[in-house]
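For what it's worth, the working numbering labels the leading residue of the sequence shown as 27, then goes sequentially. Cβ atoms here follow ideal geometry from the backbone N, Cα and C, with glycine treated the same way. It should be emphasised that the depicted structure is a prediction, and the values quoted were computed from it without experimental measurement.
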Amino acid sequence: MFRNYLLIGIRNLTKHRFYSLINVAGLAIGLAAALLLFTWIFHEVSYDKFHARGKLIYRACMEYSFGGQSSRTAVSPTALLPALQKSFPEVENGVRVYDPTAYNPVIVRRNDKVFQERRFYFADSTFFQIFTFPILHGDSAHALTLPYSVVLTKTTAKRYFGTNDPLGKTIQLNNDKDYIVTGIIDDVPSNSILQFDFVASFSSVAASRELTWGSANYETFVVLNANTDVAALTEKTQDMVQKAFGDEFVQPGDYVKYNFIPLQDIYLRSDMTELRPVSSIQYIYIFGGIAVLVLLIACINYVNLATARGAVRAKEVGIRKVVGAARRQLFIQFISESLLITALALIFALIITKLSIPLFNMLVGKNFADALIFSPDSIVIILMVSLFVALIAGCYPAIAMTSFKPVLILKGNFKTSGKGIWLRQSLVVFQFAISVILIVGTLVVSKQLDFIQNKRLGYDRENIVVIPLDSKTEGVYKQLKTEVMRTGDVVHVARATESPTVIAGGYSIQIEGGTNTAGMVVTAMSIDEEFIPALGMELVVGRNFNDADQLRAEQDTTYSFILNESALHELYLTNDKAIGTSVSLGGRRGKIVGVVKDFHFAPLQSKITPLVFFNQQSDYNYIFITLKPGNPVTAISRIGQILKILTPHRPFDYTFLDEEYNTLYDNEQRMGKIITTFAVLTVFVACLGLLGLVSFFATQKTKEIGIRKVLGATPTNIVILITKDFTRLVLVAILIGLPLAYWLMSQWLNEFVYRTDVGIMPLVAASALCIAIAFGTASYQAMRAAFLDPARTLRSE
Numbered sequence: 027m028f029r030n031y032l033l034i035g036i037r038n039l040t041k042h043r044f045y046s047l048i049n050v051a052g053l054a055i056g057l058a059a060a061l062l063l064f065t066w067i068f069h070e071v072s073y074d075k076f077h078a079r080g081k082l083i084y085r086a087c088m089e090y091s092f093g094g095q096s097s098r099t100a101v102s103p104t105a106l107l108p109a110l111q112k113s114f115p116e117v118e119n120g121v122r123v124y125d126p127t128a129y130n131p132v133i134v135r136r137n138d139k140v141f142q143e144r145r146f147y148f149a150d151s152t153f154f155q156i157f158t159f160p161i162l163h164g165d166s167a168h169a170l171t172l173p174y175s176v177v178l179t180k181t182t183a184k185r186y187f188g189t190n191d192p193l194g195k196t197i198q199l200n201n202d203k204d205y206i207v208t209g210i211i212d213d214v215p216s217n218s219i220l221q222f223d224f225v226a227s228f229s230s231v232a233a234s235r236e237l238t239w240g241s242a243n244y245e246t247f248v249v250l251n252a253n254t255d256v257a258a259l260t261e262k263t264q265d266m267v268q269k270a271f272g273d274e275f276v277q278p279g280d281y282v283k284y285n286f287i288p289l290q291d292i293y294l295r296s297d298m299t300e301l302r303p304v305s306s307i308q309y310i311y312i313f314g315g316i317a318v319l320v321l322l323i324a325c326i327n328y329v330n331l332a333t334a335r336g337a338v339r340a341k342e343v344g345i346r347k348v349v350g351a352a353r354r355q356l357f358i359q360f361i362s363e364s365l366l367i368t369a370l371a372l373i374f375a376l377i378i379t380k381l382s383i384p385l386f387n388m389l390v391g392k393n394f395a396d397a398l399i400f401s402p403d404s405i406v407i408i409l410m411v412s413l414f415v416a417l418i419a420g421c422y423p424a425i426a427m428t429s430f431k432p433v434l435i436l437k438g439n440f441k442t443s444g445k446g447i448w449l450r451q452s453l454v455v456f457q458f459a460i461s462v463i464l465i466v467g468t469l470v471v472s473k474q475l476d477f478i479q480n481k482r483l484g485y486d487r488e489n490i491v492v493i494p495l496d497s498k499t500e501g502v503y504k505q506l507k508t509e510v511m512r513t514g515d516v517v518h519v520a521r522a523t524e525s526p527t528v529i530a531g532g533y534s535i536q537i538e539g540g541t542n543t544a545g546m547v548v549t550a551m552s553i554d555e556e557f558i559p560a561l562g563m564e565l566v567v568g569r570n571f572n573d574a575d576q577l578r579a580e581q582d583t584t585y586s587f588i589l590n591e592s593a594l595h596e597l598y599l600t601n602d603k604a605i606g607t608s609v610s611l612g613g614r615r616g617k618i619v620g621v622v623k624d625f626h627f628a629p630l631q632s633k634i635t636p637l638v639f640f641n642q643q644s645d646y647n648y649i650f651i652t653l654k655p656g657n658p659v660t661a662i663s664r665i666g667q668i669l670k671i672l673t674p675h676r677p678f679d680y681t682f683l684d685e686e687y688n689t690l691y692d693n694e695q696r697m698g699k700i701i702t703t704f705a706v707l708t709v710f711v712a713c714l715g716l717l718g719l720v721s722f723f724a725t726q727k728t729k730e731i732g733i734r735k736v737l738g739a740t741p742t743n744i745v746i747l748i749t750k751d752f753t754r755l756v757l758v759a760i761l762i763g764l765p766l767a768y769w770l771m772s773q774w775l776n777e778f779v780y781r782t783d784v785g786i787m788p789l790v791a792a793s794a795l796c797i798a799i800a801f802g803t804a805s806y807q808a809m810r811a812a813f814l815d816p817a818r819t820l821r822s823e
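Take a look at the structure:
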């Protein structure tokens, strides 16, 4: 019986090649898109699931409020972990992790090999007890026990030592201390929030010997008991911290507390300032929805074509019923045909997926290997999805066609029946409504990205080179600046703690003396006198820093401060009264000498908050070189030659400030590219279905078209006859899709404090594009029918 069903299915496929091709192509594209997107989704939701005790690992994240200004950050002080372990039995174990490369890359040397590294961690000796990073060589229990010991990843060890055994050998950090290699681990999985090439013992860091509460530059991870009430632990921790800080909370409402965030929630659900890039659970919902929609539209194509062709196969069903075929047998036959088409589509989908992997990796910014996408788990899932698709796509046509009444069919009355027309029209409307939403989404994301690119930030980011700065480079900085300026390619050379794209340093500021001594939390960083002019910032009132300010800071520890407008507003100061006001910034005492116009120093999802500049030479981490417009390649080459001579201890490495700015929006740019790509696929699959329906409709009206042409109808009349109903359906789809698209994209834009609006143009453009695509698809088949020779179509009459 199965063989019979298979032969009938193959015969129908070969007999109606055009419709079979549309079904197979649509389902193949849908399955391939789903396989690729689901691979990405499974990777994103799998972050840190590989740790043996991953569900019990939490990160203690600091939340603080001072003077009504609050902040949430991933870092914590060195004193927190020992205090937690001593005070609360719920804390089984813990580890402190320090990433100095979050602020400045480090220099690692092995003989004549020198690299600038951006993935160098320090961690307590419990690191490998908390996290499951399998150690290949060495003892994980003691690898980080002694000061100046370091564990390398497998690839890093090969880069420094080749095929030689690295255990017991040394590498030099920042041209200063030698670290002994005590272990080799496998490369860190891509789905780990911690991404490192080196992890050295935390006892190597001076801060490890000072248990302080005031300096929070470290991540604290703890393993909690399985039955721990995390909310209760948070409350108890807050009481402990309040006692530790004591009189520092001078205003009602000031507090510092630590929230315990599950490790496995950090990557997709973090709502705080992170040290490294994270994603958002919203992208999972968006791209999961797109994958389902592409598959659903492919299924709709099958349902529409199968039910539309029901009239053609009605006599076949009627005769089979008359000669004794049971409804169950007919149902199995139609489901078998659906399974056959889906099986063919799956084969082509796997081929498409294989060929698309390199392009998909570029699209999502990952490096998925064939083995990951075609793993046994993935194959099982895609087979289950294919079976589900076959059943969903085949069930309704099978039920509809097996319900035909033989008497009506064989009397010839069935063709005049309107059964199924309403469903087909609804499904076409659904397909194109989704297409409209995706097209609008693509245009709005592109509009917001364009807004980000062209947004006036309050500082210049073009033609500015950023170079890391260390103590040895600082020692020759004056000579370096002189030589760089002498090239004639440079306008300014400046120094600062951080890049203006993201300034993360948190400090408390307080007005000293007077009646208003209110304090608050601000972002602050150290800059030199060249920084403001180098980046084209605007001073509203007062003056810039000068050499005398630097000298006072070094000799008398008396500082000068420049505040932004938001800081002035929060401190209840006006421009005319701000200059000369005495303030204290994190223990640094001094006076306000200037006010800088507000500028964006965080992603546009955040509003501009209070910011303070101070001048402290020991805090500089970066050099900023403003180039003259022209040929940056020549200028960079000359600067590189100067640095090679003056700073031979480190390789010449640089970035452009505008590139750093663009990386802040990697997720948004990636989202735009993915939506655009899969919107095109969705529209293409929808048009395949429309093409099939129009072709079938034209075939059914072949004789009517012939008669109309004999009676004088023009090709234009015939095209309008065939396309008008489908055009009307697309217009209905647009009316449904536009409000939904507007609402969805408005919700997405609300994530940005500074944003464009949806506007009318994306809606108009999406409508016009959808109509043009749909009409072009329909009119192609309509014109073929319109130019048929009536003599051929009416020959049998």
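{"Item": "Glu823 burial status per 10 Å Cβ neighbour count (16 or more: buried)", "Value": "With a pLDDT of 48 at Glu823, under the threshold of 50, the modelled position of this residue cannot be trusted, and the question is left open."}
{"Item": "Beta-carbon spacing of Asn647, Leu495 below 8 angstroms", "Value": "yes"}
{"Item": "Contact under 8 angstroms by Cβ, Lys85 with Leu289", "Value": "For the record, residue 85 in the displayed sequence is Arg; it is not Lys. In this structure, Leu289 lies closer than 8 angstroms to Arg85 by Cβ."}
{"Item": "Candidates Asn119, Asp751, Ile83 and Gly532, of which the one nearest Pro103 by Cα", "Value": "Gly532"}
{"Item": "With 16 other Cβ atoms within 10 Å as the buried cut-off, status of Gly802", "Value": "exposed"}
{"Item": "Environment of Tyr293 [buried if 16+ CB atoms lie within 10 Å]", "Value": "buried"}
{"Item": "Through-space distance from Glu89 to Thr299, alpha-carbon basis", "Value": "10 angstroms"}
{"Item": "Simplified DSSP state of Pro765, which is helix, strand or coil", "Value": "helix"}
{"Item": "Three CB pairs or more closer than 8 angstroms across the region 50 to 69 and the region 194 to 210", "Value": "no"}
{"Item": "Contact check, Leu630 vs Lys481, beta carbons under 8 angstroms", "Value": "yes"}
{"Item": "Check whether Pro549 and Leu637 have beta carbons under 8 angstroms apart", "Value": "Per the sequence shown, residue 549 should be read as Thr rather than Pro. Going by C-beta atoms, Thr549 is nearer than 8 angstroms to Leu637."}
{"Item": "According to DSSP, residues forming a beta bridge with Glu245", "Value": "Val123"}
{"Item": "Where the alpha helix (DSSP H) containing Ala68 begins and where it ends", "Value": "According to the sequence provided, residue 68 is Phe. The question's Ala does not apply to it. Note, Phe68: alpha helix (DSSP H), Arg43 to Val71."}
{"Item": "From Ala530, Leu82, Val177 and Asn200, residue whose alpha carbon lies closest to that of Asp213", "Value": "Val177"}
{"Item": "Exposure label - Met787; buried when at least 16 CB within 10 Å", "Value": "exposed"}
{"Item": "For Lys75, the first and last residue of its enclosing beta strand (DSSP E)", "Value": "Where Lys75 is concerned, there is no enclosing beta strand (DSSP E), given that its DSSP letter is neither H nor E."}
{"Item": "Three-state class that DSSP yields for Ser443 in the structure shown", "Value": "Interpretation of Ser443 is limited by its pLDDT of 48, a score under 50 that renders its predicted location unreliable; no figure is taken from the coordinates."}
{"Item": "Where Asn327 falls, given that 16 or more other Cβ within 10 Å makes a residue buried", "Value": "buried"}
{"Item": "Residues bridged to Gly391 [DSSP beta-bridge criterion]", "Value": "According to DSSP, Gly391 bridges with nothing at all."}
{"Item": "Minimum Cβ-Cβ distance from Tyr244 to chain D less than 8 angstroms", "Value": "Within the model displayed, chain D is absent; a lone protein chain is all it includes."}
{"Item": "Beta-carbon gap between Thr254 and Leu53 smaller than 8 angstroms", "Value": "no"}
{"Item": "Per-residue burial, Leu577 [other beta carbons within 10 Å of its own, 16 or more giving buried]", "Value": "exposed"}
{"Item": "Gln695 to Thr607 span [Cα, whole Å]", "Value": "44 angstroms"}
{"Item": "Beta bridge counterpart(s) of Ala520 as assigned by DSSP", "Value": "Phe650"}
{"Item": "For Gly501, the nearest candidate out of Leu669, Leu106, Gly514 and Lys623 (CA to CA)", "Value": "Leu669"}
{"Item": "Nearest-angstrom beta carbon gap, Ile665 and Ile651 [assumed within contact, 8 angstroms]", "Value": "7 angstroms"}
{"Item": "Sequence-distant residues of its chain with Cβ nearer than 8 angstroms to Ile67 (five each side left out)", "Value": "Ile310, Phe313, Gly314 and Ala317"}
{"Item": "For Val779: DSSP bridge partner residues", "Value": "DSSP output for Val779 lists no bridge partner at all."}
{"Item": "Coarse secondary structure for Asp255, derived from DSSP in three states", "Value": "coil"}
{"Item": "Close Cβ partners of Ser805 (< 6 angstroms) along its chain, the five nearest in sequence each way excluded", "Value": "Val745 and Thr749"}
{"Item": "Best match in His168, Gln155 and Met266 for proximity to Trp239 [C-alpha to C-alpha]", "Value": "Met266"}
{"Item": "Whole-number beta carbon distance between Leu475 and Gly698, since they are thought to touch under 8 angstroms", "Value": "6 angstroms"}
{"Item": "Stretch pair the region 454 to 467 + the region 751 to 767: three plus CB contacts closer than 8 angstroms", "Value": "yes"}
{"Item": "Among Val784, Ala759 and Asp403, the one whose alpha carbon lies nearest that of His69", "Value": "Asp403"}
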